[in-house]
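Below: one structure, written as structure tokens.
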Amino acid sequence: MSTPQPPGSSNSQGDDESVDFFKSTINEYLDNLPESVHQQLFQSRETCLAIFRLLPALSKFYIMAVLFNETSVPYSDLNRWVKSNKNSEFKGHQNPTKIYQNDSIKRLKALHILKEIKRQMIHPITKQPTVIIFVQLNEIFRQSFRDALTGFLPDSTQDQSKITLASSKDDQQEKTTSLDMMFDDDVDNSITVDYLDRYCLAKWENILHFMVGTEIKEIPSVGALTLLRFSGLMELPSDRERREALDGQVDEDIDYGYEDDNKKSIHTLKQLLITKTGFQFLLQDISSQIWTLLIQYLIMAEKLKMNPVDVLNFIFLLGSLELGQGYAISMLPQTQLIMLDDLQDYGLIYHQKDSSVFYPTRLATSLTSESSSFKTASAAMDQEISQPRADKSTNSGSIIIETNFKIYCYTSSPLQIAILNLFVHLRARFANLVTGVVTRESVRGALRNGITSTQIINYLETHAHNGMIELAEAEYNKKYEFESSIGNTTALEQLKLEILPPTVVDQIKLWQLEMDRVQAFKGYLYKDFNNDFEFEKLLSYGEDIGVIVWRDRTKRKFFVSQEGNSQLIDYANKIIRNSSGTPRANTPA
1 MSTPQPPGSS NSQGDDESVD FFKSTINEYL DNLPESVHQQ LFQSRETCLA
51 IFRLLPALSK FYIMAVLFNE TSVPYSDLNR WVKSNKNSEF KGHQNPTKIY
101 QNDSIKRLKA LHILKEIKRQ MIHPITKQPT VIIFVQLNEI FRQSFRDALT
151 GFLPDSTQDQ SKITLASSKD DQQEKTTSLD MMFDDDVDNS ITVDYLDRYC
201 LAKWENILHF MVGTEIKEIP SVGALTLLRF SGLMELPSDR ERREALDGQV
251 DEDIDYGYED DNKKSIHTLK QLLITKTGFQ FLLQDISSQI WTLLIQYLIM
301 AEKLKMNPVD VLNFIFLLGS LELGQGYAIS MLPQTQLIML DDLQDYGLIY
351 HQKDSSVFYP TRLATSLTSE SSSFKTASAA MDQEISQPRA DKSTNSGSII
401 IETNFKIYCY TSSPLQIAIL NLFVHLRARF ANLVTGVVTR ESVRGALRNG
451 ITSTQIINYL ETHAHNGMIE LAEAEYNKKY EFESSIGNTT ALEQLKLEIL
501 PPTVVDQIKL WQLEMDRVQA FKGYLYKDFN NDFEFEKLLS YGEDIGVIVW
551 RDRTKRKFFV SQEGNSQLID YANKIIRNSS GTPRANTPA
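Quick look at the structure:
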């Protein structure tokens, strides 16, 4: 009897949550830009090419279908180009093909790449006037994207696609050229691809090590730490206190220091603590991590009054440059010169001080790549740097957890060990193995730092050893066959792939519930009423407006939230101002 593939365990569920968690993607950021900014962005060939790479496959097809068509196309033709799903299982708007098509067109419209044109025409059969909808590409995007594909370079010194290539022999004799002609052998041969790979990954892992609290020789720059704080991945102890005082709400009045010339001292920023958002950030692949920070960089750049077009164009330009090739900075505008230092802090650019040359690293050149070169920083080190690859049978980085809460992790990565140390009590470390145990105190320590039980479970499942996954699948298949044989459809629907021991999962969740059991609220205690009427009058009003946190009718007391106290006072003054039984002055709690 054949059994279906096990449904997504909480591992895949965690992936979906992480996607939802980081909604500030580059696509959504671009969608929310005004049309005037889009028009400026489309003047760059590299930006048009990068945006094209970020689009869904069907959106790309529509662009290529009308790119060299000078006339507008009837909207109905878009439907003819897509094979309709005639499966009777789907009806109307539930048809997945139609949903995908609508989403693809919606993306093009949001970016102002595709425009609708309404024309009044005479219907050939009814001879009555009718409105026909046509679509056409944005003319600026059409021209720039054509040039990007054909290699044609407009005669414009302002075109972003022109960049000056560095010459190590004679820096004074620079020549302006297009990206198609920018390769030159006269560059510093000591800056190799291997060197750039090591440099960028060392920079990036240094940031990740700081986030998990590893002892590192060199602290990331003030700019990098400020961005980590601004993005909510880390916070100062004072930030955490203010957030907890606001019951988890974002404090808009926090001074991140990016507008201060001196900024916050490195001594202050060294106290940064990882947040639950930061821990979720660590679970992403390196490409998602970089884009998450770059989106926050774009938002912060707007607050600093930097030109968003220059910022975006430079980011997209980096994705079109050649890895290992040096480029002169003389043609870059002021905004992009500022970005050189910032992007160097994240490992996207290598630029020596006082040098007129910069080198894009692999992290930069793969920004708009359709397939990420790096999965994680540690994996990238093995994958991209010319070293013998580890045998897959070693299960590098995989975790085994037993029902007695003991953990065995096959890794030599200091970063992964540091992440484990956030919620595991480590006991021994060997050449390629660390052992430890998940304890109540280790989990509570992680919970106090803002990490949730769900994140811990997702991390353990994501990095589970292949043997654990195979055992879980075998157990799932046995249960499926048994429940199918007795016709228990309810049990079949509830079956799920259990990679981790259920006792471990349940206990980690219970430890979080244990901490969440007692909740503290700031507010005011009302007491000493003279009679039941006055007590019930105020209590009833407080319940109606939803500000009563706790009540005791026997002792005629109730507790009001801090936000609702002023409303209750106003009501008391209005209704029972002349009553001698006005409650005694409320007591802050």
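Note that UniProt numbering gives residue 245 to position 245 of the sequence shown, counting from 1, and the numbers run on in steps of one.
Every residue gets a Cβ at the ideal spot worked out from N, C-alpha and C, and that includes glycine.
Since we're looking at a predicted model, the values are computed, not measured.
Beta bridge counterpart(s) of residue i as assigned by DSSP
i           : result
residue 505 : Answer by DSSP bridge pairing: none, since residue 505 is not bridged.
residue 436 : 407 and 426
residue 224 : DSSP output for residue 224 lists no bridge partner at all.
residue 552 : 557
residue 195 : Answer is none; residue 195 lacks a bridge partner.
residue 350 : 359
residue 234 : 274
residue 328 : 357
residue 74  : 134
Environment of residue i [buried if 16+ CB atoms lie within 10 Å]
i           : result
residue 411 : buried
residue 607 : This structure leaves residue 607 out entirely; the chain is present only between 1 and 589.
residue 79  : exposed
residue 418 : buried
residue 354 : exposed
residue 463 : buried
residue 3   : Here the model assigns residue 3 a pLDDT of 46, short of 50, so the residue's position is not dependable and the matter cannot be decided.
residue 523 : buried
residue 517 : exposed
residue 244 : exposed
residue 596 : Limits of the chain in this structure are 1 at one end and 589 at the other, which puts residue 596 out of reach.
residue 125 : exposed
residue 301 : buried
residue 96  : exposed
residue 364 : buried
residue 265 : exposed
residue 428 : exposed
residue 546 : exposed
residue 151 : exposed
First and last residue of the uninterrupted alpha helix (DSSP H) at residue i
i           : result
residue 571 : 565-575
residue 458 : 453-462
residue 540 : 532-544
residue 109 : 96-110
residue 341 : 334-345
residue 31  : 26-31
residue 46  : 45-54
residue 417 : 414-420
residue 628 : Past the edges of the chain, shown from 1 to 589, lies residue 628, and the structure says nothing about it.
Chain B within 7 Å of residue i, Cβ atoms only
i           : result
residue 480 : The structure shown has no chain B; it contains just one protein chain.
Option nearest residue i by Cα separation, candidates the options
i           : options               : result
residue 515 : 475, 544 and 449      : 449
residue 115 : 128, 71 and 149       : 71
residue 50  : 513, 498, 465 and 319 : 319
residue 461 : 497, 483 and 484      : 497
residue 533 : 553, 517 and 545      : 553
residue 215 : 513, 414 and 61       : 414
residue 321 : 368, 422, 429 and 112 : 368
residue 466 : 344, 422, 409 and 358 : 409
residue 147 : 513, 199, 48 and 278  : 48
residue 279 : 317, 422 and 406      : 422
residue 193 : 40, 547, 359 and 339  : 359
residue 145 : 52, 191 and 271       : 52
residue 38  : 131, 572 and 112      : 112
residue 494 : 458, 69 and 483       : 483
residue 272 : 309, 424 and 212      : 212
Terminal residues of the beta strand (DSSP E) in which residue i lies
i           : result
residue 131 : 129-137
residue 305 : Element bounds for residue 305: n/a, residue is neither H nor E.
residue 120 : 114-122
residue 62  : No beta strand (DSSP E) holds residue 62; the alpha helix (DSSP H) holding it covers 57-66.
residue 524 : 523-526
residue 469 : Per DSSP, residue 469 belongs to no beta strand (DSSP E); it is in the alpha helix (DSSP H), 466-485.
residue 401 : 399-401
Cβ-heavy atom distance, residue i to the ligand HEM, below 6 Å
i           : result
residue 419 : With respect to the ligand HEM, the structure offers nothing, as it holds no ligand at all.
Query raised in the report: Any chance the stretch 222-235 sits against the stretch 283-298, with 3 or more Cβ pairs inside 8 Å?
Result: yes
Query raised in the report: Taking three-plus beta-carbon pairs below 8 Å as touching, is the stretch 41-55 in contact with the stretch 308-328?
Result: yes
Query raised in the report: Counting Cβ pairs, one atom from each stretch, are 3 or more of them under 8 Å apart for the stretch 59-76 and the stretch 27-42?
Result: no
Query raised in the report: With contact counted as at least three CB pairs below 8 Å, one residue from each stretch, are the stretch 420-438 and the stretch 478-494 in contact?
Result: no
Query raised in the report: Quick check: the stretch 520-530 against the stretch 469-489, are there 3 or more CB pairs under 8 Å?
Result: no
Query raised in the report: When the Cβ atoms of the stretch 54-70 are set against those of the stretch 324-331, are three or more pairs found closer than 8 Å?
Result: no
Query raised in the report: Should the stretch 202-210 be called in touch with the stretch 337-354, which here means at least 3 C-beta pairs below 8 Å?
Result: yes
Query - Three CB pairs or more closer than 8 Å across the stretch 541-551 and the stretch 567-576 - result: yes
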